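Peer 1: Quick one: this structure, given as structure tokens, is what I'll be asking you about.
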Amino acid sequence: MKISHYINGQLVEPSSDAYLDNIEPATGKVYSQVADGDARDVDRAVAAAEAAFERWSKMPAAARSGILMKIADLIDARADELARAESIDNGKPISLARTLDIPRAAKNLRHFATAILHTHTETHVTDGVALNYTLRQPRGVCGLISPWNLPLYLLTWKVAPALAFGNTAIAKPSEITPMTAFLFSQICIDAGLPPGVLNIVHGLGAKVGAAITAHPKITTISFTGGTVTGREVAKTCAPMFKKVALEMGGKNPTIVFADADMEKVVAGSVQAAFANSGQVCLCGSRVFVERSIYDEFVRRFAEAASRLRVGDPLEPDTQQGAMVSRAQLEKTMYYVDLARQEGGRILCGGERPKAVNERCRDGYFYLPTVITDLGVSCRVNREEIFGPVATIIPFDDEAQVVEYANATDYGLAASVWTQNLPRAHRLAEQIQSGTVWINCWLVRDLRVPFGGMKQSGLGREGGEEAMRFFTEPKNVCVGT
Ligand code: NAD
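Counting in the working numbering, the sequence shown runs from 4 upward without gaps.
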């Protein structure tokens with residue numbers, strides 16, 4: 004099967020006529036081909052997006068909303084096909100694709116499609132001499148670059164607000180997981196999205212992604228991916244004064260106080276550590292536990308982690324599928340070796356499973372791995388692994404755990420487990436991260452600001468932040 008670009012309302016071949024192999028992570032085998040796009044395809048897409056902008060941006064909000072709602076309905080109608088495609092493409096359990104990724108993609112569309120029916124802009128009266136109002140206008144052609152871990156979820160998290168607020172866009176899905184974006188192109192065609200409003204160009208980051216960030220007619224870049232890539236994107240965009248939002252890596256702390264509900268915190272923190280094989284930017288990979296309950300917590304956490312069912316992602320009861328690629332598997336193995344060298348004790352996992360099933364014999368599987376006895380400042384505890392690896396570290400008091408939590412260059416998310424609400428609020432203030440969950444993890448309300456501090460991000464997405472990002476505020480001052 005060939006995955007082609009979606010440009011100017013049509014599925015089209017790449018200018019190069021070349022395709023890249025697309026591998027199913029659970030089997031390690033090529034199962035489709037994805038367009039090997041380049042700057043020429045980006046040029047075609049920008050021309051289409053520019054031509055579509057005038058009509059799309061002037062279309063009444065209710066009409067834009069109606070088309071985006073139709074897209075959401077078609078995602079729901081094709082949810083089974085999309086979930087299966089995502090599971091094959093990404094290696095994640097089909098149950099996760101069904102319950103998280105695909106429903107959330109539809110929600111992203113609905114959230115912004117309805118938001119534009121309700122948003123308002125500001126007015127300011129200046130001492131009886133003038134009335135100011137803020138005109139929010141779409142910014143034009145936006146570049147939307149997304150990663151492989153939540154392919155359709157994160158693609159639509161950008162596409163939905165960009166289009167809802169009247170922009171046109173060039174989206175670039177990860178070359179590692181292009182399939183759901185391809186199916187999404189078909190959905191956009193079927194929903195009647197006017198040609199050129201959304202264009203999806205596939206291919207390598209160094210070619211297609213770089214061409215998008217460097218394109219002079221693309222004024223706005225929303226990027227989600229690794230911090231190293233984000234730095235490249237920022238470097239290209241800075242001299243051109245593009246408006247940029249960067250959502251990048253994380254090394255998120257889970258903080259467990261002795262008064263937390265043990266059942267709930269073990270279940271919640273294991274889920275936070277190992278969801279999608281630890282390949283969620285928000286995963287809590289460093290677990291800090293108050294010393295008085297450390298031994299019991301470690302025992303229960305390791306037991307629960309080793310009980311997770313690792314298996315064929317297409318089996319309905321699989322809890323842990325394959326890692327997305329050989330590179331990601333090797334990165335995980337590298338860090339587990341490093342943990343051993345740094346003096347870590349592996350309580351469970353630390354290797355690949357012996358057998359998953361015949362179909363998945365050559366897949367990229369790795370067991371959920373729990374490590375103790377590592378210092379807070381070692382590399383394993385500071386660098387993003389993005390695999391099924393959690394470390395557990397004891398702490399003595401509030402001040403110490405805040406210091407531990409903040410001891411990385413990242414600042415994306417944290418979760419704090421305690422019954423002591425004043426303490427939870429104190430920690431929330433002091434932890435350097437864009438999100439702090441208290442007694443929960445991955446609860447996402449699409450109205451709240453989303454993003455990271457430090458090297459996890461620049462700017463925010465979500466809710467009104469997305470409106471601010473994807474529109475240009477113009478002050479109109481009327482003398483009275
Ligand atoms: P990545 O940085 O390798 O790739 C992300 C996207 O950027 C891909 O589409 C890729 O093709 C493209 N790209 C690569 N080089 C480029 C370049 N030079 N110019 C422009 N685009 C380029 O990231 P990944 O491996 O796909 O995703 C994993 C990373 O994403 C992890 O670090 C994870 O924490 C992060 N992530 C962050 C969030 C968040 O919301 N903060 C969400 C999900 C994933």
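Quick reminder that beta carbons are idealized off the backbone N, C-alpha and C, glycines included.
Please read all numbers here as calculations on a predicted model, not as lab measurements.
#1: Rounded to whole angstroms, what is the Cα-Cα separation between T474 and H428?
#2: For S436, count neighbouring Cβ atoms within 10 angstroms of its own Cβ and tell me buried if that reaches 16, exposed if not.
#3: Tell me the start and end of each unbroken alpha helix (DSSP H) in the stretch 90-164 that is at least 4 residues and wholly inside, in chain order.
#4: Could you work out which residue in A358, P397 and F368 is closest to L377 when comparing CA atoms only?
#5: Between which residues of its own chain and V247 is the CB-CB distance below 6 Å, once the five residues before and five after are set aside?
#6: Between W160 and ligand 1, is there a pair consisting of the residue's CB and a ligand heavy atom that are separated by less than 6 Å?
#7: May I ask whether a heavy atom of ligand 1 can be found less than 6 Å away from the beta carbon of W444?
#8: Is it the case that the Cβ atoms of D315 and C363 are separated by a distance below 7 Å?
#9: Going by the C-beta, is C286 closer than 6 Å to any heavy atom of ligand 3?
#10: Can you tell me whether E387 is buried or exposed? The criterion is at least 16 other CB atoms within 10 Å of its CB, across all chains shown.
#11: Check whether the Cβ of W440 lies closer than 6 Å to any heavy atom of ligand 1, and answer yes or no.
#12: Taking 6 Å as the cut-off, is the beta-carbon of A209 closer than that to any non-hydrogen atom of ligand 1?
#13: Could you tell me if the beta carbon of V236 falls within a distance shorter than 6 Å of some heavy atom in ligand 1?
#14: What residue does the alpha helix (DSSP H) around I70 start on, and which one ends it?
#15: Tell me the rounded alpha-carbon separation between L103 and A416.
#16: Work out the CA separation of A86 and I97 for me, nearest whole Å.
#17: Thinking C-beta only, is R289 closer than 7 Å to D399?
#18: Examine ligand 1 and report whether any of its heavy atoms sits within less than 6 Å of the Cβ of A275.
#19: Among A308, A29 and V200, which residue has its Cα nearest to the Cα of K61?
#20: Straight-line CA distance for A261 to P425?
#21: Say the cut is 6 Å; is the CB of E250 nearer than that to a heavy atom of ligand 1?
#22: Kindly indicate which three-state DSSP category Q322 falls into: helix, strand or coil?
#23: Heavy atom of ligand 1 less than 6 Å from the Cβ of A213, yes or no?
#24: Buried or exposed: N135, going by 16 or more other Cβ atoms within 10 Å of its Cβ?
#25: CB-CB under 6 Å to S177, same chain, minus the five flanking residues each way: which ones, in chain order?
#26: Output needed for M456: all residues of its chain with C-beta closer than 7 Å, excluding positions within five of it in sequence on either side, in chain order.
#27: Please determine whether the Cβ atom of N152 lies at a distance below 6 Å from any heavy atom of ligand 1.
#28: If you reduce the DSSP assignment to three classes, tell me which class R447 lands in.
#29: Answer yes or no: the CB of S177 versus the heavy atoms of ligand 1, is any distance below 6 Å?
#30: Does the beta carbon of G229 fall short of 6 Å from some heavy atom of ligand 1?
#31: Could you give the C-beta distance for I190 and L77, rounded to a whole number, given that I count them as a contact under 8 Å?
#32: Can you tell me the Cα-Cα spacing of L73 and A109, whole angstroms?
#33: Measuring CA to CA, which of T483, G252, A163 and L449 is closest to R234?
#34: Helix, strand or coil: how does DSSP classify N564 here?
#35: Give every residue of the same chain whose Cβ lies closer than 8 Å to the Cβ of Q36, excluding the five residues on either side of it in the sequence, and list them in chain order.
#36: Say yes only if the C-beta of I148 is nearer than 6 Å to one or more non-hydrogen atoms of ligand 1, and no if none qualify.
Peer 2: This is what the structure holds:
#1: For the purposes of this step, residue 474 is identified with residue 471 of the sequence shown, where counting begins at 1. For the purposes of this step, residue 428 is identified with residue 425 of the sequence shown, where counting begins at 1. T474 and H428: Cα-Cα distance of roughly 33 Å.
#2: As a first step, residue 436 must be located in the sequence shown, where it is residue number 433. Its Cβ being crowded by 16 or more others within 10 Å, S436 is buried.
#3: 105-118
#4: By one-based count along the sequence shown, residue 377 stands at place 374. Answer by Cα proximity: P397.
#5: Translated into positions along the sequence shown, residue 247 becomes position 244. Excluding positions up to five away in sequence, the list reads I224 and C240.
#6: Locating residue 160 in the sequence shown gives position 157, where the first residue counts as 1. False, no ligand heavy atom lies under 6 Å from that Cβ.
#7: Locating residue 444 in the sequence shown gives position 441, where the first residue counts as 1. No, Cβ of W444 sits at least 6 Å from all heavy atoms of ligand 1.
#8: Reading the sequence shown from its first residue, position 312 is the one you call residue 315. Reading the sequence shown from its first residue, position 360 is the one you call residue 363. Closer than 7 Å, so yes.
#9: As for ligand 3, it is missing from this structure, which binds only ligand 1.
#10: Along the sequence shown, read from residue 1 onward, the residue named residue 387 stands at position 384. Buried, since its Cβ has 16 or more Cβ neighbours within 10 Å.
#11: On the sequence shown, residue 440 is found 437 positions in, with the first residue counted as 1. No, the beta carbon of W440 sits no closer than 6 Å to any heavy atom of ligand 1.
#12: Counting from 1 along the sequence shown, the entry for residue 209 is found at position 206. The answer is yes for A209.
#13: What you label residue 236 is simply residue 233 of the sequence shown in a count that begins at 1. Checking every heavy atom of ligand 1 against the Cβ of V236, one is found closer than 6 Å.
#14: Looking up residue 70 in the sequence shown gives position 67. Per DSSP, I70 belongs to the alpha helix (DSSP H) from A64 to A80.
#15: For the purposes of this step, residue 103 is taken as the residue at position 100 of the sequence shown. For the purposes of this step, residue 416 is taken as the residue at position 413 of the sequence shown. Their Cα atoms are separated by approximately 19 Å.
#16: One-based indexing of the sequence shown puts residue 97 at position 94. One-based indexing of the sequence shown puts residue 86 at position 83. Roughly 6 Å between the two C-alpha positions.
#17: What you label residue 399 is simply residue 396 of the sequence shown in a count that begins at 1. What you label residue 289 is simply residue 286 of the sequence shown in a count that begins at 1. Contact: no.
#18: On the sequence shown, position 272 is the one that residue 275 refers to. No, the Cβ of A275 stays beyond 6 Å of every heavy atom of ligand 1.
#19: Taking the first residue of the sequence shown as position 1, residue 61 is located at position 58. Checking every option, the nearest Cα to that of K61 belongs to V200.
#20: As a position in the sequence shown, residue 261 is number 258, starting the count at 1. As a position in the sequence shown, residue 425 is number 422, starting the count at 1. Approximately 15 Å between the Cα atoms of the pair.
#21: Taking the sequence shown and counting its residues from 1, the one referred to as residue 250 is at position 247. At least one heavy atom of ligand 1 is nearer than 6 Å to the Cβ of E250, so yes.
#22: Counting from one through the sequence shown, the residue named residue 322 turns up at place 319. Residue state for Q322 is assigned as coil, using DSSP reduced to three classes.
#23: Reading the sequence shown from its first residue, position 210 is the one you call residue 213. True, at least one ligand heavy atom lies under 6 Å from that Cβ.
#24: Here residue 135 refers to the residue found at position 132 of the sequence shown. That one is exposed.
#25: Against the sequence shown, residue 177 aligns to sequence position 174. P150 and W151, listed in sequence order.
#26: Residue mapping note: residue 456 aligns to position 453 of the sequence shown, counting from 1. Same-chain partners within the cutoff: G414, Q435, S436 and G437.
#27: Sequence index remark: in the sequence shown, residue 152 carries index 149 (1-based). At least one heavy atom of ligand 1 is nearer than 6 Å to the Cβ of N152, so yes.
#28: As a working mapping, residue 447 is identified with position 444 in the sequence shown. In the structure shown, R447 sits in coil (DSSP, three-state: anything other than H, G, I, E or B).
#29: Locating residue 177 in the sequence shown gives position 174, counting from the first residue. Yes - ligand 1 has a heavy atom lying nearer than 6 Å to the Cβ of S177.
#30: Locating residue 229 in the sequence shown gives position 226, where the first residue counts as 1. Yes.
#31: Here residue 190 is taken as the residue at index 187 of the sequence shown, counted from 1. Here residue 77 is taken as the residue at index 74 of the sequence shown, counted from 1. Taking C-beta atoms under 8 Å as the contact rule, I190 and L77 qualify, at a distance of about 5 Å.
#32: Numbered from its first residue, the sequence shown carries residue 73 at position 70. Numbered from its first residue, the sequence shown carries residue 109 at position 106. At residue 73 the sequence reads Lys, which differs from the Leu that was named. One C-alpha to the other measures close to 10 Å.
#33: Mapped onto the sequence shown, residue 234 falls at position 231. Of T483, G252, A163 and L449, the smallest CA-CA separation from R234 is found for G252.
#34: Here the chain covers residues 4 to 483 and nothing more, so residue 564 does not appear.
#35: Reading the sequence shown from its first residue, position 33 is the one you call residue 36. Cβ neighbours of Q36 beyond the five flanking positions: M4, K5, I6, Y22, L23, D24 and N25.
#36: Counting from one through the sequence shown, the residue named residue 148 turns up at place 145. Checking every heavy atom of ligand 1 against the Cβ of I148, one is found closer than 6 Å.
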